[in-house]
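So the structure is just underneath, and the comments pick up after that.
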Amino acid sequence: MTIRCEQLDDLLLEGDAASMDAAAKHAESCAACREILADWNDIAVAARSMRHTWESDLLWGRIRRGVVRTPLWRIAAAALLTIGIGGTTWYAVRDTTRDAAFGQTILSVAAVDEVERAEAAYVAAIGRLEEVAEPRLENAEGALMMNYREKLMVLDDAIAEVRSGIAENRKNAHLRRELLAMYSEKQRTLQAIVREGEHVSNE
Amino acid sequence: MSRTSERMAALLVAALMATAAAAEEKYEERFHRTVPYSGGTVAIDHRFGGVNIRTGSRSEVDVKATIRSSDAAWAKQIRIEAESGRGGVRIRTVYPTRARSRDGDFSYSVDFQITVPASAPLRVSNRFGSVQAAGIASGSEIVNGHGSIQLSDTRGEQKVENSFGSITLRNINGNAVVRNSNGSIRADTISGTADVSNRFGSITVTKTNGRTIVQNTNGSVAVSEVTGPLTVANGFGSVSVSNVSGPVEVRNKNGSVQVERVGRDLAVTNAFGSISVARVEGNLQVSGTNSRIEARAVRGSADVTTSFGTVDLRDVSGAAQVTNANGSVKLSEIGGNTLVKTTFGSVVLRDVKGAVDVQNQNGAITLAGAPACKPISLRTSFSSIKIDLPPGASYAVNARTTFGRIQTRLPITTRTLTDEAVTGTIGSGICRLDLTNNNGTITIE
């Protein structure tokens, strides 16, 4: 295998026997790389000599002595503090999770206000669309318009049903989501009727 | 206002907001009861909240519920009944009657987590909440309103009904009846028969083994991988069908129909929508009104009727019969006899092996790659007729036109020869070749 000078760093970083052999072979014929390899080997030797180990069986003894020397009240205080912080954190996390789940189920007053504003906007938009769509629905005889008429009736029945639910359960998030989805569907249906009406009149 | 006053005001507003937020009551209560199960149906009757059902191996029904409300006093009156009786286990949510004086701004919800024996038949009725059930092994009936339904990994017959919410079914080992009013239906893998209907929402059905019936009113329908017979009816939506080994019938209006890979016969009816068909192993019958029709690779015969739309058939092994009005017809690679009737549209036939009968009015007829000897009759008016015969053709020619000419490049042994009539023979003159035109040319090549 032919090695180029710029590959030397990669071989040294690989560090396995084959890579080091290839680097050494290349260094035999390249003075600059020989120098780099020599530095590398010096560093490796120095690093090995710096490694230090010690007996750890004394460590526990020292800890035990330290603990024995520490007054009991301090240990108890530390334990209480740990339990206190842990407990508080656990409660906080639990409450946050509960609050999130609660918020998904029962809306806050602020969220209800926001939802009701969105509903009011839908109702206004639907009202404007109905003014345009209704004459087209009344005049059209085609099967599609009859189908749309039926769909609007189904939607209005469902909206009335959900609204009666909301009357007794105003902040129930599911009901609010349903109502918004129905308003959205009704808006889309009315838009389709207006589009169809334009298409028919253009024809 | 001084800077200090502004800071004070801001702090006050923040404090008031914090107080208001803190004032919103968040009451949450857990309910848990286990009731013994000794047979019968597990019936759940609920409103205002989700129902999540799982199965367990023990002969008991484990009911867990989370009651949430913005009014603790009222929430504490919510009663959850879970009783075991001769008919099975009954679970019910009873909300207190709301006193007029307390018609305030409080709300509530109850979410269930219920574990039932896998073998217990299940009946669920819910309103204003979702229903999820998995692992039911003895059939179920789920009726929901205003919430989604998810049912998976079941055995036995499943009946699912919803209004205003999606329905999702997965791995149903048995028959399934699915009804929805306004929401999508998605069913994946039903081993038995599937009866699926919707009114205003899409339907997607994949992998069914038994008879499959899909009906919709206003929404798209997509069905694939059906091993039994399939019937699809729709109006105001597209229909897409693929990979059905049984016979298929599709009825649609006001939407396109696309069918691919049918193992048996296929019948399609549509109005005001295109029809596209490919790879039918049996016979094909298509009826359209104002529909463009395209069919490829039909191993049986093809019978196609439409109006105000083009017809394009290619690679039909059997006979082809096409009736059109006000539309062109293009047929190629037809293995059997061909009959085409149309008006106000051209007819182009290519590579037809059987007898050919074309009756046209006000439209050209072109027959290229005609058979060497099969009865051929081409009739039209106010347009041209052109026929391209192969080498070795054997025909008794009878060509007539008025206000036009007859041209031929083939040697014809003639008995009558004028500009407007040619009778005679090509080759040994075994098969009839009748070409009739009014106000148009006839060309024989």
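From first to last, the protein sequence lines are chains G and Z. Here our numbering is used: position 118 in the first sequence is 118, and no number is missing along the way. Here our numbering is used: position 31 in the second sequence is 1031, and no number is missing along the way. Backbone N, C-alpha and C fix where the C-beta goes; we use that ideal spot for every residue, glycine too.
Short of 6 angstroms from the beta carbon of G:A27, and not among the five residues preceding or following it, lie these beta carbons of its own chain, in chain order: C33, R34, L37. Residues of the region 164-175 of chain G with a C-beta less than 7 angstroms from any C-beta of chain Z: G165, E168, N169, R170, K171, N172, H174, L175, listed in chain order.
Assigned with DSSP and collapsed to three states, G:L107 falls in coil, not helix or strand.
Around Z:F1112, the same chain offers V1051, A1065 as residues with beta carbons nearer than 6 angstroms, after the five sequence neighbours per side are excluded. The DSSP assignment places 1406-1408, 1413-1417 as complete runs of the beta strand (DSSP E) inside the region 1401-1425 of chain Z, in order along the chain (cut-off: 3 residues). No Cβ-Cβ contact shorter than 8 angstroms links G:Q187 with G:A124. Between Z:R1261 and Z:G1246, the CB-CB gap reaches or exceeds 8 angstroms. Within a 10 Å sphere around the beta-carbon of G:K171 sit 16 or more other beta-carbons, which makes this residue buried. Just so you know, the alpha carbons of G:N169 and Z:S1107 end up roughly 5 angstroms apart.
Identification of chain G residues near Z:G1235 by a Cβ-Cβ cut-off of 8 angstroms yields A143, N147, ordered along the chain.
Taking C-beta atoms as the reference points, Z:I1172 and Z:N1180 fail to come closer than 8 angstroms. In this structure, DSSP gives Z:Q1158 an extended state, which the three-state scheme calls strand.
Within the region 1189-1209 of chain Z, those residues whose Cβ lies closer than 8 angstroms to any Cβ of chain G are, in chain order, R1199, F1200. In this structure, Z:R1415 places its C-beta atom within 8 angstroms of the C-beta atom of Z:G1424. The CB of G:M182 comes closer than 8 angstroms to the CB of F1164 in chain Z, given here in chain order. Contact between the region 1265-1272 of chain Z and the region 1283-1294 of chain Z is present: three or more C-beta pairs spanning the two stretches fall below 8 angstroms.
Look at Z:K1207 here: in three-state DSSP terms it is strand. Contact of G:R98 with chain Z by beta-carbon distance below 7 angstroms involves E1028.
Taking 8 angstroms as the cut-off, the beta carbon of Z:I1387 is found closer than this to the beta carbon of Z:L1367. Of the residues assessed, G:L107 falls on the buried side of the cut-off, its CB having 16 or more other CB atoms within 10 angstroms. Boundaries for Z:H1032: no alpha helix (DSSP H) harbours it, while the beta strand (DSSP E) harbouring it runs 1027-1036, taken from the DSSP string. In the structure shown, G:L152 adopts helical secondary structure according to DSSP, grouped into three states. For Z:E1141, the enclosing beta strand (DSSP E) covers residues 1140-1145. Selection G:A44, G:A111, G:R98, G:G165 evaluated against Z:G1145 yields G:G165 as nearest (Cα-Cα).
Counting C-beta atoms within 10 angstroms of its own C-beta, G:L58 has fewer than 16 neighbours from the protein chains shown and is therefore classed as exposed. The C-beta distance from Z:H1032 to Z:G1129 rounds to 19 angstroms, too long to meet the 8 angstroms contact threshold. In its chain, beyond the 5 residues on either side, V132, A133 have a beta carbon closer than 6 angstroms to the beta carbon of G:V194.
Contact annotation: in the region 1060-1092 of chain Z, residues whose CB is within less than 9 angstroms of a CB in chain G are T1066, R1068, S1069, S1070. Spanning the alpha carbons of Z:D1312 and Z:A1325 requires a straight line of approximately 14 angstroms. Bounds of the alpha helix (DSSP H) holding G:E14 are 8-14. Z:D1153 and Z:V1063 have their C-alpha atoms spaced approximately 21 angstroms apart.
Assigned with DSSP and collapsed to three states, Z:D1105 falls in coil, not helix or strand.
Under a 10 Å Cβ-count criterion, G:M182 is classified as buried, with 16 or more other Cβ atoms of the shown protein chains found around its own Cβ. As the crow flies, the alpha-carbon of G:R64 is around 36 angstroms from that of G:A46. The C-beta of Z:T1217 comes closer than 8 angstroms to at least one C-beta of chain G. Within the model, the alpha-carbon separation for Z:K1026 versus G:T96 is close to 12 angstroms.
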